[in-house]
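**Q**
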Amino acid sequence: MKRIVTVQDISCLGKCSLTVALPIISAMGIETSIIPTAVLSTHTLWEHYVCDDLTDNIPLVAEHWKNEGFGFDAIYTGYLASSKQIDVVCKLFDEFKTENNFIFVDPAMADNGEMYRNFDKSFADKMRVLCAKADIIVPNMTEACLLTDTKYNNEYDDKYISDLLKKLTDLGASKAVITGAQYDGKYGIMSYDSVNDEYSFYAHQKIDHIFYGTGDVFSSACVGALTQGYSLAEAVEIAGEFVFASISATMKDKDARLYGVNFEQALPLLAKYNK
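Residues 532 to 806 in the working numbering are what the sequence shown spells out, letter by letter.
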């Protein structure tokens, strides 16, 4: 059985980060190990949440695993809360990267042209160092611009996106994916494999609502598909279809919560990708 370790925070209530990564990856027939970077009472959509930072525990977990000889087919990081956490995770990469596994980084730090609260340009600079150690990076449009020092535009064409993808792979990762891309009336996800010099675009219908946590849902399904041996273009399509199945289930639910999508109802769709 394949094994992924995912490093990100866990919210006691709220569908994001480890709360979605663990069930989604497991549903794809992959053992899922976790390193929580923090425990939050809710995710950060709410005010007055309680947070217990676990940064100092990460090296202790890594040392124990290293002593026991544990290894992983993929290392997957999501939201990291500080520059210190990025430094610690960089060391984790150095300890557990092998010729036979890959590193998948979702550089969660911004959206809609703005950085998340409590982050600044220095954090983006530090995230660039983490991405340089990755094999695959999956930013949204805002994050892609921050990582490549590119001016963020609300309107752009496919060349703008393809140039961004090339700049992202120039950072060090061989493959890059940009979520939330839109041009010429098209909406979707564009990816680039620099090894084969191949671009691909997964198109989907426009979604007018805002759904929290869909980036985490996408990344978790994408890294699962890649670990099961699917190509980058195939993994993007698998993950994209799963996200929109989750959104569809949410839109049909009159009692749907505001803090995430009903990905649980779409989990059976992932079983067929278990090789």
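Where a beta carbon is used, it is the ideal one built from N, C-alpha and C, also for glycine.
On a predicted model such as this, the values are computed, not experimentally measured, just so you know.
Is the region 591–604 touching the region 622–629, taking contact as three or more C-beta pairs under 8 Å?
**A** yes
**Q** Three-state secondary structure (DSSP) at Val570?
**A** One-based indexing of the sequence shown puts residue 570 at position 39. Strand.
**Q** Less than 7 Å between the C-beta atoms of Gly711 and Asn684, yes or no?
**A** The residue you call residue 711 lines up with position 180 of the sequence shown. The residue you call residue 684 lines up with position 153 of the sequence shown. In this structure, Asn684 does not lie closer than 7 Å to Gly711 by Cβ.
**Q** Whose C-alpha, out of Cys547, Thr781, Leu763, is nearest the C-alpha of Leu571?
**A** Position 40 of the sequence shown, counting from 1, holds the residue named residue 571. Checked all of Cys547, Thr781, Leu763; the closest Cα to Leu571 is Cys547.
**Q** Gly644: which of Thr568, Asp680, Ile561, Val636 sits nearest, CA to CA?
**A** Numbered from 1 along the sequence shown, position 113 holds the residue referred to as residue 644. Among Thr568, Asp680, Ile561, Val636, the Cα nearest to that of Gly644 is on Asp680.
**Q** Let me know if Val551 comes out buried or exposed under the rule of 16 or more other beta-carbons within 10 Å of its beta-carbon.
**A** Taking the first residue of the sequence shown as 1, we reach residue 551 at position 20. Buried, since its Cβ has 16 or more Cβ neighbours within 10 Å.
**Q** With a threshold of 7 Å on Cβ separation, who are the neighbours of Leu553 within its own chain once the five nearest residues in sequence on each side are excluded?
**A** Locating residue 553 in the sequence shown gives position 22, counting from the first residue. Result list for Leu553: Thr563, Ile565, in chain order.
**Q** According to DSSP, is Asp701 helix, strand or coil?
**A** Along the sequence shown, read from residue 1 onward, the residue named residue 701 stands at position 170. Note: Asp701 maps to helix in three-state DSSP.
**Q** Under a three-way DSSP split, which group does Ile709 fall into?
**A** Within the sequence shown, numbered from 1, the residue matching residue 709 stands at position 178. Assigned with DSSP and collapsed to three states, Ile709 falls in strand.
**Q** Can you tell me where the alpha helix (DSSP H) with Ala558 in it begins and where it stops?
**A** The residue labelled residue 558 in the question sits at position 27 within the sequence shown. It spans 549–558 - the alpha helix (DSSP H) in which Ala558 sits, taken as one unbroken run.
**Q** What number of angstroms, rounded off, separates the C-alpha of Ser762 from the C-alpha of Arg534?
**A** Reading the sequence shown from its first residue, position 231 is the one you call residue 762. Reading the sequence shown from its first residue, position 3 is the one you call residue 534. In a straight line, the C-alpha of Ser762 is about 18 Å away from that of Arg534.
**Q** What does Tyr730 pair with, by DSSP beta-bridge criteria?
**A** As a first step, residue 730 is located in the sequence shown; it is residue number 199 there, counting from the start. Tyr730 pairs with Tyr723.
**Q** State yes or no: is the C-beta of Thr573 within less than 7 Å of the C-beta of Leu611?
**A** What you label residue 573 is simply residue 42 of the sequence shown in a count that begins at 1. What you label residue 611 is simply residue 80 of the sequence shown in a count that begins at 1. Not closer than 7 Å, so no.
**Q** Between the Cα of Leu808 and those of Ile589, Phe654, Gly760, Asn727, spot the shortest distance and give me the residue it belongs to.
**A** No answer is possible for residue 808: it lies beyond the span of the chain, which begins at 532 and ends at 806.
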